[in-house]
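Visitor: Chains as they are written, first to last, in our numbering: chain A, 3 to 347; chain B, 3 to 347.
Please read through the structure below; I'll follow up with questions.
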DNA sequence: CTGAAAGCGCTTACAG
DNA sequence: CTGAAAGCGCTTACAG
């Protein structure tokens, strides 16, 4: 037989269409007994709501939207993104909400997508990633009045809802690990300064470096690609006073940096220690294996999705800090050999 | 003002609702002049179809579905998947079709998702990845009567529509490259035998190895993970008569294998050559860099999406072979040194 | 070639 | 607590 509708259920249960709707949506207006019977009949008949009808009748589309405004290169190279999606999905599937996903090249196209989805009534809310400083998406998003959760954004008055991770504690762990090994000179290879979370990590890096009595905290800005990670590493190692340790803002650059040390015949960790922000398979399969700051990215995505769904259910927007990462010490970090670093390379 | 509907456009253009619908959907029933005026008015008013209304009225949902039934680990480690999505999206956005995406753990959950989407009328068609031998998704998919395109499937009578790449030519290139360098003993580290494309590559590997006069073609089966790639490599190198070259079924395992050679102090490419199937940033940043069979994965995804959209437009299902990959010779392959391989390690 | 009308499957006031 | 009815924005026969 054809897919059952609420009319079929109403007939089978001997009640009105409206009563079925109330019963199935957990709204008041029907007795507990009736509700139970209706739910049982619906389950027996294998009823699922036609999302188009539900959406048209003025409630939820039953979907949320996610746009990545990055090149296929970056997206495919960094395990972060797929993990984030997996985390988001784990929460969505619990509540039977679909994910509408789009990959575009820049913010302009991203905003156009949001406008289109809003006009089409395609999604009920948005998960917005890669928050920028003076983010040009905030205005259009406000205008569209689309419930949105910013993913990876530090607390600020501009944004109503968002999740971020406790980068200060993470950074502190990494630096204490290095200091414990005797490192005094640490350089940070950072992502783009336009990203809010990069600025937060930069500040935290400077502050904690100072607190721990490290030498001047140096930061190199990159675009997160392997190419710039390698180039930055080369420049750092060729500098007059190279550091004894480098902290990279992602796993891709850290592994690329490791490749550079092999070309330059610099021993890791004997002469130089390397740390990656975000752990991944890459960190486990390179040689030596890469010490990494492993964050629970799936939980991060799940938390963001959960917050958005709560908002769609009428709960107030919130800002949620997720736990700091955990330092996973591996082969790429070791005790500093004071002598080696007095000799310029 | 609120979002315009076709009633607003009809009023502004001085025609009926029905005429607007015909004009905007490129259907006969209105004069060219009227059509042009209606389209102009719609554009001026910034009209976009409410997808829920359109879907409810019995035509397309304006979305297609994609499910990955893999662990977050595999998905995030292999750049392939995100590239495939990027390619799919490039085609979808040209035609303003949305992608509904879900990550699940197994085929059972995948099929349940298809059933739910069908019941909800969430999507118009499906892109189905990772075709298996005796694929248990074919029955349910037939039953749901959902237009589907299999991605990465060799031609077969079971499946009506699909795209795959010319693996025979690709394999031939790889083997000829190795033979040209003097290799005689090549082992293939393959993915799971359950995958149809793996079986095709296995057969091709055996056939071409024989044609080129190579030693007995040996194949090791794995699950595509770095762990099994490393383990297989170790087993192969410890065997009584180790090969002078290994071909891996993905980039993740190839790079993991490279890590093993470094632990075992086996020189690549001096003593052993390595080749990855599918190129990626990982292959470019490891040391030595990895020779790879680079396929245009984005084009692969775009072709699959395009085929599905054509089918939704009423065109007949097809089977499309996409171009073979291109061998990118890098540092991990070199001439075989006959002497080294007479000495067992 | 054009217009008036029914209907897709739901939700939601409104009257009992 | 329940039922009858309108309406969401489209598409599509059907009559002119």
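By construction, the Cβ of each residue, glycine as well, lies at the ideal position given by its N, Cα and C atoms.
Keep in mind that this is a model prediction, so the values were computed, not measured.
Taking C-alpha atoms, which residue in B:196, B:243 and B:245 lies nearest to residue 224 (chain B)?
Guide: The option with the nearest alpha carbon to residue 224 (chain B) is B:196.
Visitor: Residue 91 (chain B) touches chain A at which residues, Cβ-Cβ below 7 angstroms?
Guide: By Cβ distance, chain A contributes 104 and 105.
Visitor: Let me make sure I understand the geometry here. Which of A:20, A:56, A:280 and A:248 has the alpha-carbon closest to that of residue 40 (chain A)?
Guide: When only C-alpha atoms are compared, the closest one is A:20.
Visitor: To the nearest angstrom, report how far apart residue 208 (chain A) and residue 328 (chain A) are at their CA atoms.
Guide: Each residue's alpha carbon lies about 20 angstroms from the other.
Visitor: What first and last residue would you give for the beta strand (DSSP E) that runs through residue 178 (chain A)?
Guide: Careful: residue 178 (chain A) lies outside any beta strand (DSSP E), inside the alpha helix (DSSP H) at 169 to 182.
Visitor: Determine, for residue 308 (chain B), whether the minimum Cβ-Cβ distance to residues of chain A falls below 7 angstroms.
Guide: Residue 308 (chain B) does not count as touching chain A.
Visitor: Pick from B:193, B:156 and B:211: whose alpha carbon is nearest that of residue 182 (chain B)?
Guide: Checking every option, the nearest Cα to that of residue 182 (chain B) belongs to B:211.
Visitor: Would you please state the rounded distance, in angstroms, between the beta carbons of residue 169 (chain B) and residue 190 (chain B)? I believe it to be under 8 angstroms.
Guide: Wrong, their Cβ atoms sit about 12 angstroms apart, outside the cutoff.
Visitor: Looking only at C-alpha atoms, which of B:90, B:177 and B:5 sits nearest to residue 165 (chain B)?
Guide: Ranking the options by Cα distance to residue 165 (chain B), first place goes to B:90.
Visitor: Could you work out which residues of chain B lie near residue 198 (chain A), taking near to mean beta carbons separated by less than 7 angstroms?
Guide: Under the 7 angstroms cutoff, chain B gives no residues; its nearest Cβ is about 23 angstroms from residue 198 (chain A).
Visitor: Does any CB atom of chain A fall closer than 7 angstroms to the CB of residue 109 (chain B)?
Guide: Not one chain A Cβ lies under 7 angstroms of residue 109 (chain B).
Visitor: Quick one: Cα of residue 154 (chain A) to Cα of residue 65 (chain A), how far?
Guide: Rounded to whole angstroms, residue 154 (chain A) to residue 65 (chain A) spans 21 angstroms at the Cα level.
Visitor: For the alpha helix (DSSP H) that residue 119 (chain B) lies in, which residues bound it at each end?
Guide: Per DSSP, residue 119 (chain B) belongs to the alpha helix (DSSP H) from 109 to 122.
Visitor: When you compare the CB of residue 301 (chain B) with every CB in chain A, is at least one pair closer than 7 angstroms?
Guide: Cβ-Cβ to chain A under 7 angstroms: no for residue 301 (chain B).
Visitor: Beta-carbon within less than 8 angstroms of residue 338 (chain B)'s beta-carbon, same chain only, minus the 5 sequence neighbours each way: which residues are those?
Guide: Excluding sequence neighbours, residue 338 (chain B) sits near 183, 184, 185, 186, 246, 247 and 275.
Visitor: Look at residue 270 (chain B) and residue 287 (chain A) and say whether their C-beta atoms are less than 7 angstroms apart.
Guide: No.
Visitor: Candidates A:272, A:123, A:237 and A:137: which alpha carbon is nearest residue 2 (chain A)'s?
Guide: The first residue shown for chain A is 3 and the last is 347, placing residue 2 (chain A) beyond what the model contains.
Visitor: For the stretch 248 to 261 of chain B, which residues have a CB atom closer than 7 angstroms to at least one CB atom of chain A, in sequence order?
Guide: Listed in sequence order: 254, 257, 258 and 261.
Visitor: Would you please state the rounded distance, in angstroms, between the beta carbons of residue 314 (chain B) and residue 126 (chain B)? I believe it to be under 8 angstroms.
Guide: Going by Cβ atoms, the distance from residue 314 (chain B) to residue 126 (chain B) rounds to 5 angstroms, so yes, they are a contact pair.
Visitor: Do you know how far the Cα of residue 240 (chain B) is from the Cα of residue 272 (chain A)?
Guide: If I take the Cα positions, the gap works out to 29 angstroms.
Visitor: Please report whether the beta-carbon of residue 78 (chain A) lies at a distance below 7 angstroms from any beta-carbon of chain B.
Guide: Yes, residue 78 (chain A) lies at the interface with chain B (some Cβ there is under 7 angstroms from its Cβ).
Visitor: Along the stretch 273 to 290 of chain A, where does the CB come closer than 9 angstroms to a CB of chain B? Name the residues.
Guide: Of all residues in the stretch 273 to 290 of chain A, 282, 283, 284, 286, 287, 288, 289 and 290 have a Cβ within less than 9 angstroms of some Cβ in chain B.
Visitor: Name, please, each residue of chain A whose Cβ falls closer than 7 angstroms to the Cβ of residue 62 (chain B).
Guide: By Cβ distance, chain A contributes nothing, its closest Cβ being about 10 angstroms from residue 62 (chain B), past 7 angstroms.
Visitor: What does residue 57 (chain B) touch in chain A if you count any residue whose Cβ is under 7 angstroms from its own?
Guide: Correct list: 54.
Visitor: Starting from residue 243 (chain B) and walking both ways along the alpha helix (DSSP H), at which residues does that stretch end?
Guide: Careful: residue 243 (chain B) lies outside any alpha helix (DSSP H) and carries neither H nor E.
Visitor: What span of residues does the alpha helix (DSSP H) with residue 76 (chain B) cover, start to end?
Guide: Taken as a continuous stretch (DSSP letters only), the alpha helix (DSSP H) holding residue 76 (chain B) covers 74 to 79.
Visitor: Going by C-alpha distance, which of B:237, B:147 and B:84 is nearest residue 301 (chain B)?
Guide: Answer by Cα proximity: B:84.
Visitor: Could you have a look at residue 329 (chain B) and say whether DSSP puts it in helix, strand or coil?
Guide: Correct three-state label for residue 329 (chain B): strand.
Visitor: Just verifying my parser: in three-state terms, what is the DSSP assignment at residue 9 (chain B)?
Guide: Three-state DSSP puts residue 9 (chain B) in a helix.
Visitor: Name, in chain order, the residues that DSSP records as bridge partners for residue 279 (chain A).
Guide: DSSP, once it has assigned bridges, lists A:295 as partnering residue 279 (chain A).
Visitor: Relative to the C-alpha of residue 251 (chain A), which candidate in A:266, A:173, A:261 and A:262 has its C-alpha closest?
Guide: Closest by alpha carbon: A:173.
Visitor: Any Cβ of chain B within less than 7 angstroms of the Cβ of residue 84 (chain A)?
Guide: Chain B contact via Cβ: present.
Visitor: Is it buried or exposed for residue 132 (chain B), if we count other Cβ within 10 angstroms and need 16 for buried?
Guide: Classification for residue 132 (chain B): buried.
Visitor: Where residue 192 (chain B) and residue 128 (chain A) are concerned, what is the direct C-alpha to C-alpha distance, given to the nearest angstrom?
Guide: In a straight line, the C-alpha of residue 192 (chain B) is about 40 angstroms away from that of residue 128 (chain A).
Visitor: Quick one: measure Cβ to Cβ for residue 124 (chain B) and residue 100 (chain A), integer angstroms, because I've assumed they're closer than 8 angstroms.
Guide: Right, their Cβ atoms sit about 6 angstroms apart.
Visitor: Would you say residue 112 (chain A) reaches chain B, if we count a Cβ-Cβ gap shorter than 7 angstroms as a contact?
Guide: It does not; no Cβ of chain B falls within 7 angstroms.
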